[in-house]
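Using full-length UniProt numbering, the letters of the sequence shown correspond one by one to residues 1 to 385.
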Amino acid sequence: MKILVTSLPDLSKLNPQRPHHLLNHLSKKHEINLFCGNAWWLEDSSDQYLKDTLKDIKIDYFSQKKRNSIIQEILAKKNLDKLNLDLNSFDIHINFNSFIAGYNVAKKIEAPTVFDICDDLIDWISISPQIPYLIKPLGKIIGSSMLKRNINISSQITSSLDILNDLYEIPKNKRNIILNGVDTVHFKNRGGEYIREKLNIPEDTFLLVFVGYLGNWIELEPTFKAIKHLKSKYKIKLLVVGDGDRLNRFKYLSKEFGIESSVMFTGNINYSDVPEYISAADVCLLPFDNSNVSQGALPLKLFEYMSCEKPVISSPLINVKKIVNDHVIFAGNDEIEKNIIELYNDEELRRYLGKKGREFVIKGYSWDFISDKFEKTLIKTIGEN
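Put into C-alpha cells, the structure is as follows:
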C-alpha cells in the first residue's frame with residue numbers, strides 16, 4: 001500500500017505514542033508519507049527509539065513557519081498544494097487527530113480515509129495549551145462540528161475504546177476497535193539496579209514509580225498524602241518520571257506535604273530509557289482524575305508497566321477495569337495508602353501480579369498483534385471502496 005497520513009501532533013518531536021507504533025509496523029511493508037503539524041517550539045529529540053520508529057517514513061509539515069498549531073492546520077491545505085504530491089497515487093489516507101487538515105485531505109483525495117480516535121478529543125480542547133483559554137468554549141463548538149464532518153467523510157473509524165464510538169455516535173458500519181498496546185520486546189524487566197544506583201536509591205527502599213506526562217488529569221495528591229503518613233514507619237520513596245504542565249505544582253506540593261526528601265522528579269527522559277526506570281519500581285502508579293479525558297483514555301503506560309512485570313495501583317477508570325480486570329489493583333483516593341501497605345508487606349503478591357500482567361499483555365496487547373489488526377482494517381477498507 002501507498003499510505004498518506006495526516007497528524008496534528010508532530011510525531012518527530014513526541015515520545016512514541018499510538019500513531020508511532022502503528023505507523024512503524026506499517027512502514028516495514030508499505031510506503032508512508034506523513035503530513036503533520038510542526039512543533040517548532042519543542043527541541044529536536046535525540047531518542048534513538050523514536051528515530052528508529054520513523055526512519056522509513058517521509059515527513060512533510062503543515063508549515064515551516066513558527067505558527068500556532070491551529071493556524072498551521074488552517075493553512076495546511078495551501079502548503080499541501082506546494083508539495084506537489086500526487087494524491088491520486090495513494091491507496092489510503094489515515095487521519096490521526098487532525099480535524100481541519102485531515103478533513104481537507106479527505107475531501108481532496110480519491111482514496112478512502114480511516115479516522116483514528118484514541119481519546120476524548122473534544123474534552124482535550126479544554127486542556128490543550130495550544131488553545132488560548134478565552135477561546136476554548138468556541139474551540140469546543142468548532143471541534144465538535146469538525147469531528148462530525150471527519151466521521152461523515154471517513155470510510156472507517158478506528159477507536160481505542162468502544163465508549164468513544166458511543167460518545168461520538170459513530171455509525172455501526174464504520175466502527176473498528178483497535179486497542180492500545182505495548183512493545184513487549186522493548187518493555188521488559190531489566191532488573192532496575194542501574195537506575196537505583198544512578199539515583200542513589202537503596203535496594204531496600206520500597207519504590208513507587210509514575211512515568212508519563214504530568215498533565216491536568218494526573219492526580220498525585222492522594223499518593224503524597226499516603227507517603228506523608230507512611231514515611232516514618234516504612235522506607236518508601238516516590239519517583240516521578242516525566243514533565244508537563246503540573247510538574248512545578250507537584251514539586252511545590254511535595255514541599256507542602258513535608259515529603260520533599262521522599263519524592264524524586266527526573267523531568268523528561270528518552271523513551272529508550274523508560275523500561276529501565278519502570279524496572280527500578282516495586283509498584284507502578286496510574287493516578288488519573290475522574291474527568292472525561294481520563295475516563296476516555298486507555299493509557300499506554302499501563303501496558304508498559306505490566307510488560308515490565310510490575311504490579312500496578314490504578315485509579316478506578318471504568319474502561320481500564322473492563323479490559324484488565326483483576327490484573328491491576330484499583331484504588332480510590334482513600335484506598336491508596338492501604339494498597340501500598342498491602343504490596344509493601346507481600347512480595348509474593350507483587351511477583352504474582354507482575355508475572356500475570358506480563359502474560360496478559362503478551363497474549364493480546366503487543367503492538368505487533370494490534371498493528372496487524374489495524375493493517376487488515378486498512379486493506380479491507382481499500383477493498384470496499
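Ideal Cβ positions, reconstructed from N, Cα and C, are used throughout, including at glycine.
query                                                                                                                                                               : result
With DSSP run on the structure shown, which of helix, strand or coil describes Gly258?                                                                              : coil
Just to confirm before moving on: does the CB-CB distance between Ala111 and Phe90 stay below 7 Å?                                                                  : yes
Classify Ile57 as buried or exposed, calling it buried when 16 or more other Cβ atoms lie within 10 Å of its own Cβ.                                                : buried
Whose C-beta lies closer than 6 Å to the C-beta of Leu34 among residues of the same chain, with five residues either side of it excluded?                           : Val5, Ile57, Ile59
At 4 residues or longer, and completely inside the stretch 44–81: list those alpha helix (DSSP H) runs for me, N to C.                                              : 48–54
For Lys355, which residues from the same chain have a beta carbon less than 7 Å from its beta carbon, with the 5 sequence-adjacent residues on both sides left out? : Glu309
May I ask which residues mark the beginning and end of the alpha helix (DSSP H) holding Glu342?                                                                     : 336–345
So for Asp372, helix, strand or coil by DSSP?                                                                                                                       : helix
Using 7 Å as the threshold, is the C-beta distance between Ile370 and Gly181 below it?                                                                              : yes
By a C-beta neighbour count over all protein chains shown, 10 Å radius and 16 as the cutoff for buried, is Glu304 buried or exposed?                                : buried
Give the single residue among Phe360, Leu83, Cys36 whose Cα lies nearest to the Cα of Gln72.                                                                        : Cys36
Note down the Cα distance separating Lys148 from Asn95, rounded to an integer number of angstroms.                                                                  : 14 Å
With DSSP run on the structure shown, which of helix, strand or coil describes Phe90?                                                                               : coil
I think Phe360 touches Ile178, with their Cβ atoms under 8 Å apart; what is that distance to the nearest whole Å?                                                   : Contact flag wrong, Cβ pair sits at about 18 Å.
Going by beta-carbon coordinates alone, are Asn325 and Ala331 separated by less than 7 Å?                                                                           : no
From Phe210 to Trp217, what distance separates their C-alpha atoms?                                                                                                 : 14 Å
So, helix, strand or coil for Thr223, using DSSP?                                                                                                                   : helix
Mind checking which residues open and close the alpha helix (DSSP H) that includes Glu110?                                                                          : Segment: none, Glu110 is in no alpha helix (DSSP H) and carries neither H nor E.
Output needed for Trp367: all residues of its chain with C-beta closer than 7 Å, excluding positions within five of it in sequence on either side, in chain order.  : His21, His25, Gly181, Val182, Asp183
By how many angstroms is the C-alpha of Lys28 removed from the C-alpha of Glu203?                                                                                   : 41 Å
Using 8 Å for Cβ pairs, my map puts Ser7 next to Asn97. What's the rounded Cβ distance?                                                                             : 6 Å
Go through its chain and collect everything with a Cβ distance to Asn104's Cβ below 8 Å, but skip five positions before and after it.                               : Ala76, Lys77, Leu80
How would you call Arg351, buried or exposed, if buried means at least 16 neighbouring beta carbons within 10 angstroms?                                            : exposed
Whose C-beta lies closer than 6 Å to the C-beta of His327 among residues of the same chain, with five residues either side of it excluded?                          : Lys356, Gly357, Phe360
Comparing alpha-carbon positions, which option in Ile236, Leu253, Gly192, Asp346 lies nearest Phe206?                                                               : Ile236
When we look at the beta-carbon of Pro311 and count the other beta-carbons within 10 Å, is it buried (16 or more) or exposed?                                       : buried
Cα separation between Ser291 and His30?                                                                                                                             : 38 Å
Sort out for me which residues DSSP pairs Met264 with in a bridge.                                                                                                  : Leu239
Skipping 5 residues on each side, what residues in its chain have a beta carbon closer than 7 Å to that of Lys188?                                                  : Pro275, Ser307, Cys308
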